[in-house]
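Read through the structure below, which is laid out as structure tokens, and then see the notes.
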Ligand code: SF4
Ligand code: SF4
Ligand code: SF4
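Residue numbers (full-length UniProt numbering), protein chains in the order written: chain A, 1 to 281; chain B, 1 to 400.
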């Protein structure tokens, strides 16, 4: 992944303190991606949010969280979507390489390749890829980062629709901007740029006023996930050669010892056994 | 018509247990048909929280180490040259071949797009443990098939293939061990990506090594169990003397496993370990009853020499292995609030697969020379147009 030209790598800067909870992004995403509506029930999930979870029909949604601050009831919001990791776990585990990190930033999925093993769902630390459980021959579904738009120079649909909270641009610039805001308004934010280093860095960066765990952010490692499996997998050719070579040598030695023993016995008894005959062939 | 009738009478002569197995396999086949008609979502309890369930946990992650007898024994007999164990090799190969064929079926059932399984050959991703395992499983199934061809060729008196297979025997044994080492360990690598998902009791960087060593333990234990069962129920000779040798190797591998496991837990894992009572119990059962207890049993000569107690100890190792694989791939991955349990159809399919394994083993043992195989008794004397095969001696197998 390191060979990618990252200068074009764009990122979302999502400032949750500026989110009004209008869910314009949610609607824009459904429209652009032609996703079916979901039948939902009020108070079905962890709180007020609808639909209750991301799914094959919902690539992004606004999670609501109410809490108390200084005796006052407050709301916090969190936009849930694919994080478009710099070194994505989904791409590294897919046996047929259906996931790819593009130079523009989005991590895209090629539904023509996918064999449906669902390893990507196990691997993703943010629980993003969803499956078409309703279908006979299901495929994986997730936020595309609107790669089709971004490639053509447009912003993602959700970023375009958002009136206040989402900024989209080069990743380095977005991180700089986030840090500028943290320095400028230290009281408004939790002092953390989420996504700068999480899972090895992501193309979705968050600022918020409520501790990230409280918002339901998953606990993730700072290390890029593919490195965890690669540290074992990179040994594969070596192990193959060592085991193969070692066992071959071992059996050759053992068989040779046998043959020599048989030869010697044959010499001693003076009879011709089958062994030396085998040898001559 | 007559052939059909002959088959019908043949089937009717089977023991009731075999008929029962046939029924289970038929039910399993029917259940898997339903899965293809109605889809995974409708027939399984899988969902976005649990994309992997019983079929991956049992049919793949557990069945693969249970079929490890073939490569373990092959290496012991041919490479480490403990020749007297030779009579155990063929049943082990048949078990391995059946096991892997059924693993492939289980994998196909679980795939969302089984018709695209061949994509693995076309689009390579060497960074994917799944890619590695699917390649190895296919390669190894082929190797096992070739090894299994020997009794088939003997049965039908194909002499030229027999000669070729004989010549291939050693390369195949070495290939089998090398390929198995890779995919047995890579199954452990699968779960290295589940950082922060798999519980601390099982998540550690040594998972691949632990999977490999425990696969070797279970491979030998399965052979002990299988040979004892064949002696008891299929009227085969008692191979107790041979099994004693295996039982002597087992404490070493079990001891190695326990040492590695303790080391990984103490030195490489991060706590908390005992925050979920269910998982703690499961862990204690797995380690205590599944690995440590049989270790202490196999250390004792009296247990190793006693057919019944040796089988019990081997059974405990199998129990430990199965529980370990389930702990890693299912229980340890559980979300405390949302529980997964297999649906009826998932369970029926898995039961069908297990029944199929036993059934095919019994049938193959009935029609092919897998037990009465002693190299010196095979008749190679029929004319061979290229070179005289005759003159094959009792030592042929050891002198290739
Ligand atoms: S968040 Fe998950 S699905 Fe999205 S790129 Fe990262 S690993 Fe892949
Ligand atoms: S489900 Fe599809 S995209 Fe996901 S890892 Fe498997 S083959 Fe790749
Ligand atoms: S980037 Fe596109 S696909 Fe992803 S959440 Fe926004 S609108 Fe939806």
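All C-beta atoms in this analysis are idealised placements derived from N, C-alpha and C, irrespective of residue type, glycine included.
Residue contact check for residue 254 of chain A against chain B: a CB pair falls below 9 Å. Classified as buried, residue 49 of chain A has 16 or more neighbouring CB atoms from the shown chains inside 10 Å of its CB.
With respect to the C-alpha of residue 243 of chain A, the residue from B:174, B:318, B:203 having the closest C-alpha is B:174.
Three or more beta-carbon pairs separated by less than 8 Å are not found between the segment 138-150 of chain B and the segment 188-207 of chain B, which leaves the two stretches without contact.
Around residue 299 of chain B, the same chain offers 251 as residues with beta carbons nearer than 6 Å, after the five sequence neighbours per side are excluded. In this structure residue 180 of chain A is exposed. Its beta-carbon is surrounded by fewer than 16 other beta-carbon atoms within 10 angstroms. Per DSSP, the unbroken alpha helix (DSSP H) holding residue 120 of chain B starts and ends at 119-122. Its chain contains 77, 165 as the residues whose beta carbon lies nearer than 6 Å to that of residue 19 of chain A, once the 5 sequence neighbours on both sides are disregarded; these appear in chain order. Contact annotation for residue 202 of chain B against chain A: no contact, minimum CB-CB distance about 14 Å [criterion: below 7 Å]. Short note on residue 33 of chain A: C-beta closer than 8 Å to some heavy atom of ligand 3. The contact set of residue 170 of chain B on chain A, defined by CB atoms closer than 7 Å, consists of 251 in chain order. In the three-state reduction of the DSSP assignment, residue 19 of chain A falls in the coil class, being assigned neither a helical nor a strand state. Per the C-alpha coordinates, the member of A:187, A:218, A:185 positioned closest to residue 194 of chain A is A:218.
At a cut-off of 9 Å between C-beta atoms, residue 78 of chain B counts as an interface residue with respect to chain A. At a cut-off of 9 Å between beta-carbon atoms, residue 93 of chain A makes contact with chain B.
With a cutoff of 8 Å, residue 98 of chain A counts as near ligand 2, since its C-beta is closer than that to a heavy atom of the ligand. Scanning B:134, B:350, B:365 for the CA closest to the CA of residue 235 of chain B turns up B:365. According to the DSSP secondary-structure assignment, residue 70 of chain A is paired through a beta bridge with no residue. Excluding sequence positions up to five before and after residue 133 of chain B, its CB lies within less than 7 Å of the CB of 183, 186, 187, all in the same chain and listed in chain order. From the beta-carbon of residue 196 of chain B, the residues of chain A found nearer than 9 Å are 125, 218, 219, 220, 221.
Counted as a single uninterrupted DSSP element, the alpha helix (DSSP H) harbouring residue 87 of chain B occupies residues 86-110. The secondary-structure analysis by DSSP pairs residue 194 of chain A across a beta bridge with A:206. Shown here for residue 285 of chain B: same chain residues with a beta carbon closer than 7 Å to its own, the five before and five after excluded, namely 323 in chain order. Nothing from the segment 250-278 of chain B brings a Cβ to less than 9 Å from some Cβ of chain A. DSSP lists A:58 as the bridge partner or partners of residue 55 of chain A.
In the structure shown, the three-state DSSP call for residue 232 of chain B is helix. With the criterion set as a beta carbon lying under 8 Å from some beta carbon of chain A, the members of the segment 125-138 of chain B are 125, 126, 127, 128, 129, 130, 131, 132, 134, in sequence order.
At least one CB of chain A lies nearer than 9 Å to the CB of residue 119 of chain B. Boundaries of the beta strand (DSSP E) around residue 169 of chain A: 166-170.
Apart from sequence neighbours up to five positions away, the residues of its chain that approach residue 178 of chain A with a beta-carbon distance below 7 Å are 13, 193, 205, 207, ordered along the chain.
Distances between the C-beta of residue 10 of chain A and the heavy atoms of ligand 1 are all 8 Å or more. In this structure residue 141 of chain B touches residue 104 of chain B by the C-beta definition: roughly 6 Å separates them, less than 8 Å.
Distances from the alpha-carbon of residue 331 of chain B to those of B:238, B:362, B:52, B:81 put B:52 closest.
For residue 10 of chain A, DSSP records a beta bridge to A:170.
Between the segment 37-52 of chain B and the segment 326-341 of chain B, the count of Cβ pairs shorter than 8 Å is three or higher; the stretches touch. Here the residues close to ligand 1, judged by CB distance below 6 Å to any of its heavy atoms, are A:82, A:83, A:84, A:85, A:88, A:89, A:90, A:107, A:124, A:126, A:128, A:129, A:142 in chain order.
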